[in-house]
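As given, the protein sequences belong to chains V and E, one line each in that order. Numbering-wise (this note's numbering), the first sequence opens with residue 1 and increments by one. Numbering-wise (this note's numbering), the second sequence opens with residue 1001 and increments by one. Note that CB positions come from ideal geometry on N, CA and C, so glycine has one too.
Number of protein chains: 2
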Amino acid sequence: MSPILIEVLRGNALESRHAGALAIVDASGAVHTALGDIDRPIFPRSAVKLLQALPLVASGAAEAFQLTDEELALACASHSGEPQHVATAAGVLARLGLDETALECGTQWPAREPVLRGMLARGELATALHNNCSGKHSGFVCVACLMARQVGTDPAAFARGYVAANHPVMREVSAALSAATGVDVEHAQRGIDGCSIPTFALPLRSLALAFARAGTGQGLSDANARAARRLREAVARAPFMVGGTDRFDTRVMQTLGERLFCKIGAEGVYCAALPELGLGVALKVDDGAARAAEAAMAAVAQALLKTEDDVPDLLQGYSHLVLCNWRGTEVGALRPAEALNRALSPR
Amino acid sequence: MSPILIEVLRGNALESRHAGALAIVDASGAVHTALGDIDRPIFPRSAVKLLQALPLVASGAAEAFQLTDEELALACASHSGEPQHVATAAGVLARLGLDETALECGTQWPAREPVLRGMLARGELATALHNNCSGKHSGFVCVACLMARQVGTDPAAFARGYVAANHPVMREVSAALSAATGVDVEHAQRGIDGCSIPTFALPLRSLALAFARAGTGQGLSDANARAARRLREAVARAPFMVGGTDRFDTRVMQTLGERLFCKIGAEGVYCAALPELGLGVALKVDDGAARAAEAAMAAVAQALLKTEDDVPDLLQGYSHLVLCNWRGTEVGALRPAEALNRALSPR
């Protein structure tokens, strides 16, 4: 059984609790913090989008198609489907001579409520551009178009089916994941992600290592090290693109810039890089709850960056999230559990 | 640590898991099944709405205000805010000479997506009538109005503040909960529920006992035994009112009628009565996930009612819920974990 990471209080009583595991590792693989089983493979889902975007830059596609900071940040995003996200993904595809029909991520309504309500009020329908993964998929299509150009074939025809594990684009994505994590994903258990690409079950230890490498460049090929740096810079300059209004990842990176790269994944996953400390972070909430993953990530960032004065309030608001009921009455709160506090306390 | 109740698979690999506890008890308090710690107090939230509605019938208010099956079922409901739910709650209040301003549950948008979208498209705003608890609260207001009539005071003024623990209405509700569970809730840890009334932390064992009693009448006062029966009958005749379109509670009770009364509560709680077996059920998923509570409740019903041919497909669809991604591709499933299967296997 995993230790408890986050507790949910109602009044002063414990109402619910979230177990999980946490790995904090440096770029040499040395373990800074291990809580729970960090060798059990977990599906990282969208938490590894930065790693999945490495080929976009390393292949030269980002340069060939002159991708902006906003567009690169969107390639690493699970965005809320806000107008700027949709327009940015559409812009990338337009530059390729394509449109949203090239995307194979499926249709998803925007996560951002006011945006959803506005669309419904206007009678608009969601498209693949509103899917939280449309930026990542636009990036995949860029890679496909560069490959098609290199072999002299029709880009749209070449890109088709890019979500399949054996498509040349997805092979590059898997290779980047293998290189960064040090695990050959071909031998990992495989599932289909929400956006239809493969997701591979990998140990938290290896995921944390990959983000320590992505944050420092150590242990990566020159091309991937440069690509990771370029993507982190882009996200730090355009953090709105990686999430959206009121999203944890966006708000934290708006405040911390390049000091912290963090990214949520479905089913309770978080990955992060702290370049100045040379550390990578990976955590999984066993039950898949996003509320607990976010609170735990906030607690980790608070502990690791604790000497700074500019961030505690923002992070504390997430690690100790206040819960209100339908009338707006404060009824409870999240808080890091003792096991997590102990693991994160200074030694 | 609690045993795992429900597993979440992606492909063939375990992605997430939900721990929790389960009590199945008869009306004498004898334990039929205990999995995990059934003596740890948990907040039952909306899973005890049937018990909270006992005073509505036992006081004579339901008769005095001629409540229908639909209206009584709505008093036990966490409904999806569909037009029939809203109209039924409004009808009860109109009969009292009141309107939605008498409700103190707060405003909530309907849970049912197409209803929400229709409201947004028409520019309508949610009211307290759309709150999933509006039926329960309309019932509380009925009790207040009868009390006001008995003491000869203004009903609206008397009802005001009925959500407070020390209001005469809420005292009756707490007393019914104490009587049914055998636990004096005045000594229990107290929180504020989503709809602003008190919620008391009670052991699963006591909650299961309360539902065994509500299903059989044994161990209850005559008035509460008759009230429980009347409410169960009403829900069996109008199961749409207790949840709504495509809701587990509604669909299961549409199929099983009075053979099973079941009710979800927030933060991973389920309570149920199986009158023909004389059993009550209470379960809590530690992390608060509704998906796991529903799957576990389906597995319990499947196991206990397993000799019947008419229900397995419906229940199996919930206990082994198939998960699809944005493109509609099947990517995984829920399933009862070994510990739950073992606890529920015939002895």
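Here's the rule: buried if 16 or more other CB atoms are within 10 angstroms of the residue's CB, otherwise exposed. What is Q52 of chain V? buried
Quick one: what's got a C-beta closer than 6 Å to L116 of chain V's C-beta in the same chain, skipping five residues either side? A distance below 6 Å between beta-carbons, with the five flanking residues on each side excluded, links L116 of chain V to the following residues of its chain, in chain order: W109, P110.
I'd like the list of long-range same chain contacts for P1168 of chain E, defined as Cβ closer than 7 Å, with 5 residues on each side in sequence excluded. M1147
Option nearest L54 of chain V by Cα separation, candidates V:L67, V:A228, V:L93: V:A228
Can you tell me which residues form a DSSP beta bridge with D26 of chain V? V:L279
Limits of the alpha helix (DSSP H) - the one that E1113 of chain E falls within: 1113-1121
Where are the alpha helix (DSSP H) runs, 4 residues long or more, that stay fully inside the segment 1213-1257 of chain E, in chain order? 1222-1237, 1248-1256
Using a Cβ-Cβ cutoff of less than 6 Å, which residues in the same chain neighbour I197 of chain V once the five nearest sequence positions on both sides are dropped? V163
Span separating the alpha-carbon of G1060 of chain E from that of E1082 of chain E: 28 Å
What's the call for T216 of chain V, buried or exposed, on a 16-neighbour Cβ count within 10 Å? buried
Contact with chain V by M1147 of chain E, beta-carbon distance below 9 Å: no
Taking Cβ positions, are V331 of chain V and R10 of chain V nearer each other than 9 Å? yes
Hey, would you say I1024 of chain E sits closer than 9 Å to T1033 of chain E, going by beta carbons? yes
Considering just the uninterrupted stretch of the alpha helix (DSSP H) at F140 of chain V, what are its terminal residues? 134-151
Chain E residues whose Cβ lies nearer than 7 Å to that of M1 of chain V: M1001
Closer than 7 Å, Cβ to any Cβ of chain E: which residues of the segment 271-305 of chain V, in chain order? Cβ contacts with chain E come from D286, D287, G288, A289.
F43 of chain V: contacting residues in chain E (beta-carbon distance under 8 Å): R1010, A1013, E1015
Say whether chain V places a C-beta atom closer than 9 Å to the C-beta of S1078 of chain E. no
Partner residues on chain V for C1142 of chain E, Cβ-Cβ distance less than 9 Å: Residues of chain V passing the Cβ test: none, with the nearest at roughly 21 Å.
Can you pull the chain V residues whose beta carbon is under 7 Å from the beta carbon of G1036 of chain E, in chain order? Those do not exist, as G1036 of chain E stays about 12 Å from chain V at its closest Cβ, beyond 7 Å.
To the nearest angstrom, report how far apart D313 of chain V and G257 of chain V are at their CA atoms. 16 Å
When you compare the CB of S196 of chain V with every CB in chain E, is at least one pair closer than 9 Å? For S196 of chain V, the closest Cβ of chain E is nearer than 9 Å.
For S28 of chain V, is the classification buried or exposed, using 16 other Cβ atoms within 10 angstroms of its Cβ as the cut-off for buried? Classification of S28 of chain V: exposed, given that the 10 Å Cβ count is below 16.
Tell me whether T127 of chain V sits in a helix, a strand or coil according to DSSP, three-state version. Reduced to three states, the DSSP call for T127 of chain V is coil.
Answer with yes or no whether the minimum CB distance from R1117 of chain E to chain V is below 9 Å. yes
6 Å CB neighbourhood of V349 of chain V in its chain, flanking five on each side removed: This structure cannot speak to residue 349 of chain V, because chain V is shown only from 1 to 347.
Any chain V beta carbon closer than 9 Å to E1100 of chain E: no
Is there a Cβ of chain E sitting closer than 9 Å to that of D39 of chain V, yes or no? no
Note the first and the last residue of the continuous beta strand (DSSP E) segment covering K1263 of chain E. 1261-1265
So, are the CB atoms of K1263 of chain E and L1050 of chain E less than 9 Å apart? yes
Take the Cβ of A242 of chain V as the centre, count every other Cβ of all protein chains shown within 10 Å, and call the residue buried at 16 or more, exposed below. Strictly speaking, residue 242 of chain V in this sequence is Val, with Ala absent from that position. V242 of chain V should be labelled buried.
Indicate whether at least one CB of chain E lies closer than 9 Å to the CB of T127 of chain V. no
Let me know if N1012 of chain E comes out buried or exposed under the rule of 16 or more other beta-carbons within 10 Å of its beta-carbon. exposed
Among E:R1232, E:P1155, E:S1319, which residue has its Cα nearest to the Cα of C1145 of chain E? E:P1155
In whole angstroms, give me the CA-to-CA distance for A1126 of chain E and A212 of chain V. 47 Å
Since R1190 of chain E meets chain V, which of its residues come closer than 7 Å, beta carbon to beta carbon? Within chain V, the C-beta atoms nearer than 7 Å to that of R1190 of chain E come from G11, in chain order.
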